[in-house]
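Position 57 (the sequence shown) corresponds to 59 in the working numbering; numbering is contiguous.
Backbone N, C-alpha and C define an ideal beta-carbon position, used for all residues, glycine too.
As the structure is a computational prediction, the values presented were derived from the model and not from experiment.
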Amino acid sequence: MTEVVGLVGNPSSPHEEGRRAKDVLEAARNRVAAALACRPREIVFTGSGTEASQLGLLGVARARHDVSPRVVVGAVEHPAILDAADLLGREGFELVVVPPTPDGRIEPDRLLEAIAPGAAVVALMLANHETGAIMPVAEVAGMLAARDVPLVCDACLGPGRLPVRVTDLGADVVAFSAHKFNGPKGIGMLRVARGVRVRPLWSGGLQEERLRPGTENVAGAVGLACALEDAIEDTSRRARRYATLLRCFLDRLVGLDDWTRVGPEEACLPGVATLEVGGIEGEAAMINLDLEGVAVATGSTCALGASEPSATLRAMGFDRRRAARTLRISIGEGLDGPRVEEAAACVADVVRRLRSLGRA
Ligand SMILES: Cc1ncc(COP(=O)(O)O)c(C=O)c1O
């Protein structure tokens, strides 16, 4: 990161300070492209994974409306994709949302059926952020390539957990978010394969091959490049470690009754799991665990005073009551065996305490 200290120029300015900033930005782009095995001109820096996913889906759909008005997305996508898909529906696109299997996977044949009349674009994430279900991205990408339909892949959770080079995924348009692999917050990127048409979301500047107007976040791009290189190089070690730590966490819960893991038994993102725990409210457990220094999430969000299941759980058939008793566990860097065991013991204690209060 030393290259960004004292960097005051704007990469779009022609003077020396500007050229220095531009050189640093382009060096970051080259490193990202080398790490993913693609061309530097295919990398578009954005402000987040959400923005990258939306630029991918909205941008490709709008640019290809002349080819087909149909847009196909999996029902367990992140809200970044689902909300963009809804917007396309309101713009007049014919939106097809493909339901998951009961354990939260999207089957390639269901996607293929949905694109039978042709499609402008398909979105399929690499792995789900709640269940950890890994989606058949490479297989679907191959099937779509044969039909000339671009695939947009939200691969935000991939780096450091799964292979994400262009040759691994095969998708034409792939979104990443730096903070998901220990990079800085507020920077994401989209890889757009050469030849795929994308319409920018905004106007007002010529930056990023005209696809993302606005002065670039140079320091963020350097941070993203460093974190991506580290994550890709270290994928097999991190993936093994996160899977072992999650197993260790779940093993520690065996003494606790009435809980199950939500999602597929096989092919799960290392270190990510949602648990359905009987007799508790996830929100109350989350607050109690936070007081004990353990950070977890729940699959239900409080909106306007009522709790609503997340889109993923809703698509998997969870009602409010079931979604409200879920806890989402995420293992990442900075955790070790003793800390994870301690966290699991804490979860078990809090669950027992909440259950006894419920019975009182
Ligand atoms: C699968 C997935 N996609 C997209 C995003 C959005 O990324 P960002 O927070 O950078 O907007 C997230 C973040 O939680 C995610 O988990």
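Q: Assign isoleucine 289 to buried or exposed, taking buried as 16 or more other Cβ atoms, counted over all protein chains shown, within 10 Å of its Cβ.
A: exposed
Q) When the Cα of leucine 164 is compared with those of Asp85, Met127, Val6 and Ala195, which residue comes out closest? A) Met127
Q. What's the gap between the Cα of tryptophan 261 and the Cα of glutamate 267?
A. 15 Å
Q) Alpha carbon to alpha carbon, how far is valine 10 from leucine 27? A) 13 Å
(Q) Taking the alpha-carbon of glycine 162 as reference, which of Ala173, Gly190 and Arg239 has the nearest alpha-carbon? (A) Arg239
Q. Quick one, are the C-beta atoms of leucine 171 and cysteine 155 less than 8 Å apart?
A. yes
Q: Compute the Euclidean distance between the alpha carbons of alanine 86 and arginine 66, then round it to the nearest angstrom.
A: 15 Å
Q) In terms of residue numbering, what span does the beta strand (DSSP E) encompassing alanine 135 cover? A) Careful: alanine 135 lies outside any beta strand (DSSP E) and carries neither H nor E.
Q. Does the distance from the C-beta atom of threonine 48 to that of arginine 214 stay below 8 Å?
A. yes
Q: Take every Cβ of the stretch 216–228, pair it with every Cβ of the stretch 315–326, and state whether three or more of those distances are shorter than 8 Å.
A: no
Q. So which of Arg72, Asn12 and Val142 has the shortest CA-CA distance to proline 119?
A. Arg72
Q) Got a sec? Which residues, its chain only, sit under 7 Å from valine 74 by beta carbon, not counting five neighbours each side? A) Val98, Val100, Leu113, Ala116, Ile117, Ala121 and Val124
Q) Using CA coordinates, which residue listed in Glu96, Gly295, Gly334 and Ile282 is at the minimum distance from leucine 359? A) Ile282
Q. Taking C-beta to C-beta, are serine 205 and serine 50 nearer than 8 Å?
A. no
Q: Ignoring anything shorter than 3 residues or poking outside the stretch 270–348, list the beta strand (DSSP E) runs there in chain order.
A: 274–279, 302–305, 308–311 and 328–332
Q.
Distance check for leucine 59 and glycine 144, CA to CA, integer angstroms please.
A. 18 Å
(Q) Let me check you understand the geometry: is the CB of alanine 269 closer than 7 Å to at least one non-hydrogen atom of ligand 1? (A) no
Q) What are the boundary residues of the beta strand (DSSP E) that includes glycine 76? A) 72–76
**Q.** Per-residue burial, threonine 103 [other beta carbons within 10 Å of its own, 16 or more giving buried]
**A.** exposed
Q | Proximity to threonine 237 [Cα-Cα], best of Val142, Lys187, Leu208 and Phe183 | A | Phe183
Q) Using the rule of at least 16 other Cβ atoms within 10 Å of the residue's Cβ for burial, across every protein chain shown, is histidine 17 buried or exposed? A) exposed
Q) Cβ of methionine 137 within 7 Å of any heavy atom in ligand 1? A) no
Q: In angstroms with no decimal places, state the Cα-to-Cα distance between valine 175 and glycine 336.
A: 31 Å
Q) Of the choices Ser55, Asp105 and Val69, whose alpha-carbon is the least far from that of leucine 315? A) Asp105
Q: Could you pull out every residue in the same chain whose Cβ sits closer than 7 Å to the Cβ of methionine 191, ignoring the five residues on either side in sequence?
A: Val34, Ile45, Val46, Phe47, Thr48, Ala54, Phe178 and Leu226
Q: Can you give me the Cβ contacts of glycine 216 inside the same chain, cut-off strictly under 7 Å, excluding the 5 residues immediately before and after it?
A: Gly207 and Gln209
Q: Rounded to whole angstroms, what's the CA-CA distance from glutamate 278 to valine 7? Just pull it up for me.
A: 47 Å
Q. CB of histidine 17 to nearest heavy atom of ligand 1: below 7 Å?
A. no
Q | Distance, threonine 303 Cα to alanine 135 Cα | A | 21 Å
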